[in-house]
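37 is the number of the first residue of the sequence shown in our numbering; add one for each residue after it. Quick reminder that beta carbons are idealized off the backbone N, C-alpha and C, glycines included.
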Amino acid sequence: MLQISNTVSIPTHEIETSAIRSQGAGGQNVNKVASAIHLRFDIAASSLPERYKERLLQFSDQRITKDGVIVIKAQEHRSQEQNREEALSRLKALIRSAITLPKPRKPSKPSYSARQKRVDRKVKRGQLKALRSRVED
């Protein structure tokens, strides 16, 4: 059972994991041992609350497919068990980040002095450009 929060958890039978061979350098260990973990989690078929499902499906992340399946590949560690823990922690972090609402942005105004400085710079720049014109008698 993967505990997401105090009230929400995912049963392990809903998370599909399979061991695959890792990519990259590593010598004989890479060629012989299937130490990488490929994790798949179907959002629609899960027992997550509806608001979690909606937020996850709206969440724009490359790990979520068009079909609503989260695919995570963990291959940082040499042992299969460490990679499994890493994949599960990434799944937990993804679900938590999708459910947290972003803080609403408060529009700000430039200060009075900032506006004054801007106008002064514009006037000064205009005067400089005016001095570049031809001098008439």
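Item, Value
"For the beta strand (DSSP E) containing K109, list its first residue and its last residue.", "105 to 110"
"With a Cβ-Cβ cutoff of 9 Å, do A72 and Q111 count as a contact?", "yes"
"Would you call the region 50 to 61 and the region 86 to 98 in contact, with 3 or more CB pairs under 8 Å?", "no"
"Taking the alpha carbon of V105 as the reference point, which residue from S82, E86, T136 has its own alpha carbon closest?", "S82"
"Considering just the uninterrupted stretch of the beta strand (DSSP E) at I135, what are its terminal residues?", "Per DSSP, I135 belongs to no beta strand (DSSP E); it is in the alpha helix (DSSP H), 116 to 135."
"If distances are taken between C-alpha atoms only, which option among A123, H113, V159 comes closest to S54?", "A123"
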